[in-house]
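Okay, structure first, notes after.
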Amino acid sequence: MIMAQPGGKIDLRRLLQIARRWKWLLIVPPILALAGAYVYVVTTPPLYTSTTTIMLGANQAIIKSVTDMAPGTEIKRLPKITDIAENIRQQLLAETTLNKVLDRIDLKPTEGVLEHAEELLRLQPHVDKQEVIRKLQLEWLAQKVETSLFFPRRGNYIQLSITHANPDIAYNLTKNLADVFIEESLLAESVGPRETYVFASKQLEENKQKLEEAREKLRAFKTNMAWSQTRSFGVNLQNEPQVDAQIKSIDVEISEKRGQLQSLENQLGGMKDRIAIQLSGKAGGLRGQMLEKISSVAQLMVQASWRDPQVIKLNQEIATLREELQHEIRASGVAGGNGYSARELDLAVQRQITLTDLELLNRQKSVLEGLMQTYKQSLTQRPSQDLDLAQLQNNVSKLEEIVRTFEDQVRSAELIDGLRRSDAEVRYNITDPAKRPITPNTADQPKIVIMALFGGLGLGVGLVYLIEFFDHSFKSVEDVEEVLGLTVLGTVPKIDFGETSRAKRQAAV
7 MIMAQPGGKI DLRRLLQIAR RWKWLLIVPP ILALAGAYVY VVTTPPLYTS
57 TTTIMLGANQ AIIKSVTDMA PGTEIKRLPK ITDIAENIRQ QLLAETTLNK
107 VLDRIDLKPT EGVLEHAEEL LRLQPHVDKQ EVIRKLQLEW LAQKVETSLF
157 FPRRGNYIQL SITHANPDIA YNLTKNLADV FIEESLLAES VGPRETYVFA
207 SKQLEENKQK LEEAREKLRA FKTNMAWSQT RSFGVNLQNE PQVDAQIKSI
257 DVEISEKRGQ LQSLENQLGG MKDRIAIQLS GKAGGLRGQM LEKISSVAQL
307 MVQASWRDPQ VIKLNQEIAT LREELQHEIR ASGVAGGNGY SARELDLAVQ
357 RQITLTDLEL LNRQKSVLEG LMQTYKQSLT QRPSQDLDLA QLQNNVSKLE
407 EIVRTFEDQV RSAELIDGLR RSDAEVRYNI TDPAKRPITP NTADQPKIVI
457 MALFGGLGLG VGLVYLIEFF DHSFKSVEDV EEVLGLTVLG TVPKIDFGET
507 SRAKRQAAV
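Numbers in my numbering are just positions in the sequence shown, counted from 1, shifted up by 6.
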């Protein structure tokens, strides 16, 4: 066993003796370890690493006038990387993030993944194969990302380093992982304003449609009111007495005509029902023209006096038509006039003319009464119409205010979203973009060799120590003196008796 000298000093001579005695045990393990390290380095496929650095920089400075104009643009300062490291880790390891990365690089499953998927499908045959493969790929990528993350103790940045046997895959994974991380971060920054924008835009479109419908109802109501007022042909509070006087005057004329008609019928006696005037087609046309023109005169007399040129013209035309109609009635004569006297025939013609005049007066009165009735109905309906009009106008005003409010909300959300996204684009910046690795990783090979050398040497030293620790035989004078407590006066060296007779015979041969 290795013993220290009195005073705590190490006996180098004894150590050298032990090393010389167990030299092969100290040499063989390091050689074997170096051989194993060499085999590992040679047989291990080359690996390529692609690295990118994402700087989480300072916020943009937003002036106070902008924050006053668009409340909600006050962006909180970015915390230290040590405070948000776990959040970033979870964001990078999120299934949505990893799925986006896999979809972008279109990573094909390896043979190992396919074999593992087949094993799982044998245990769970009801599971979809593509889902199992995607799940295994996600687990593999999550392990890659977990080992690739580096968060510094100081500074606000993160570093991603993806290692793979295929340099293209290493590059694409690193690049797309950084891109997706920044996209997700930008999206998270604008979630609030974006939701507000979507809601306000939807409400804006709905209320614009309601506003257009309300305006259309208001236009239709105003058009209907204007038509109703136009249909009254100008009867109002000022000319109502005049129109009423015209109706009474016509009533007087109608009474006179009815008196004339009664007188004529009395003169005809019982023959009034037997004597009939046969009107020609021309007489019917003249009668229709007179009825049309008398209606026009009645309408004009509401707004104008009898001195109006158009009224005078129509009255002249009516007088002319009346004379022509009287002439046509006289020319038509009585159907089956034989057997009647000239006086009876003249009374029958006068009766027909009186009936025509009475019809014209009734038409004129009917037109005026219709205008008066329309005017009176408008008076009774006007309060209700005014109330309906006020309600429609109020509804339009409210909807216009709502539309303006949502338009302002949409513009505000767009502004806030733009400011936050621009601020986030500054804060999440790739300072060291991923590059396609050209040469494989060689930095670990010397480390592996050195570790193998020292590991083998340590193993040899450990074995020697264990052997010496459990071996209690005397190996030196000091061991004898220490165990027996006696002083050794002398030692007998190993005697070489020379070659044996057998060895001599072999040498002679």
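Beta carbons: idealized from backbone N, C-alpha and C, even for Gly.
Pull up the distance between the alpha-carbon of residue i and that of residue j, whole angstroms please.
i: Leu366; j: Val308; result: 17 Å
i: Leu108; j: Gly424; result: 29 Å
i: Glu407; j: Gln136; result: 54 Å
i: Leu398; j: Tyr203; result: 30 Å
i: Glu323; j: Ala354; result: 26 Å
i: Gln415; j: Leu421; result: 10 Å
i: Ile256; j: Lys371; result: 6 Å
i: Pro315; j: Glu298; result: 18 Å
i: Ile24; j: Gly42; result: 27 Å
i: Ala419; j: Leu193; result: 14 Å
i: Thr229; j: Leu395; result: 11 Å
i: Pro499; j: Gly464; result: 34 Å
i: Asn213; j: Ser191; result: 33 Å
i: Lys441; j: Asn182; result: 12 Å
i: Ser71; j: Leu104; result: In this prediction, Ser71 scores a pLDDT of 49, lower than 50, which makes its location untrustworthy; the coordinate-derived value is nonetheless stated afterwards. C-alpha separation (whole angstroms): 41 Å.
i: Ile175; j: Phe156; result: 20 Å
i: Asp134; j: Glu124; result: 11 Å
i: Ala171; j: Gln451; result: 16 Å
i: Asn93; j: Leu144; result: 19 Å
i: Asn162; j: Glu218; result: 53 Å
i: Val494; j: Phe475; result: 24 Å
i: Ile456; j: Val34; result: 16 Å
i: Tyr177; j: Ile454; result: 25 Å
i: Glu152; j: Asn447; result: 20 Å
i: Ile318; j: Lys404; result: 53 Å
i: Gln165; j: Ser154; result: 8 Å
i: Met231; j: Ala304; result: 23 Å
Which two residues bound the contiguous beta strand (DSSP E) that contains residue i?
i: Thr59; result: Tyr54 to Leu62
i: Ile164; result: Tyr163 to His170
Is the Cβ-Cβ distance between residue i and residue j less than 8 Å?
i: Leu361; j: Arg264; result: no
i: Val409; j: Leu224; result: no
i: Phe187; j: Gln96; result: no
i: Arg357; j: Leu331; result: no
i: Tyr46; j: Thr169; result: no
i: Ser167; j: Thr57; result: yes
i: Ala289; j: Glu334; result: yes
i: Val32; j: Gly466; result: The question names Val, but residue 32 in the sequence shown is Leu. A contact, by the Cβ cut-off of 8 Å.
i: Leu490; j: Pro36; result: no
i: Leu21; j: Gly462; result: no
i: Ile90; j: Ala184; result: no
i: Leu99; j: Ala148; result: yes
i: Met6; j: Leu320; result: As shown, the chain starts at 7 and ends at 515. That puts residue 6 outside it, with no answer to give.
i: Ser301; j: Val373; result: yes
i: Tyr471; j: Leu62; result: no
i: Ala251; j: Phe412; result: no
What is the DSSP secondary structure of residue i, reduced to helix, strand or coil?
i: Asn245; result: coil
i: Phe412; result: helix
i: Asn435; result: strand
i: Phe157; result: coil
i: Ser238; result: With a pLDDT of 48 at Ser238, under the threshold of 50, the modelled position of this residue cannot be trusted, and the question is left open.
i: Pro173; result: helix
i: Pro51; result: coil
i: Thr116; result: coil
i: Ala440; result: coil
i: Thr326; result: helix
i: Pro452; result: helix
i: Ser403; result: helix
i: Ser207; result: helix
i: Ser71; result: Reliability fails at Ser71, whose pLDDT of 49 lies under 50, so the model's placement of it is uncertain and the value that follows must be treated cautiously. Residue state, collapsed to three classes: helix.
i: Pro446; result: coil
Got a sec, what are the start and stop residues for the alpha helix (DSSP H) residue i sits in?
i: Thr493; result: Element bounds for Thr493: n/a, residue is neither H nor E.
i: Ile24; result: Leu18 to Arg27
i: Asp314; result: Where Asp314 is concerned, there is no enclosing alpha helix (DSSP H), given that its DSSP letter is neither H nor E.
i: Ser286; result: No alpha helix (DSSP H) contains Ser286, which DSSP labels as neither H nor E.
i: Val133; result: Segment: none, Val133 is in no alpha helix (DSSP H) and carries neither H nor E.
i: Ile111; result: Glu101 to Ile111
To the nearest whole angstrom, what separates the beta carbons of residue i and residue j, a pair I think is in contact under 8 Å?
i: Pro443; j: Pro173; result: 5 Å
i: Asn368; j: Ile253; result: Wrong, their Cβ atoms sit about 12 Å apart, outside the cutoff.
i: Trp30; j: Ile473; result: Not confirmed; about 12 Å, so no contact.
i: Leu274; j: Glu350; result: 7 Å
i: Val138; j: Leu127; result: 6 Å
i: Ala220; j: Asn401; result: 5 Å
For residue i, is the beta carbon positioned less than 7 Å from some heavy atom of the ligand GTP?
i: Leu144; result: Ligands in the displayed structure: none, and consequently the ligand GTP is not present.
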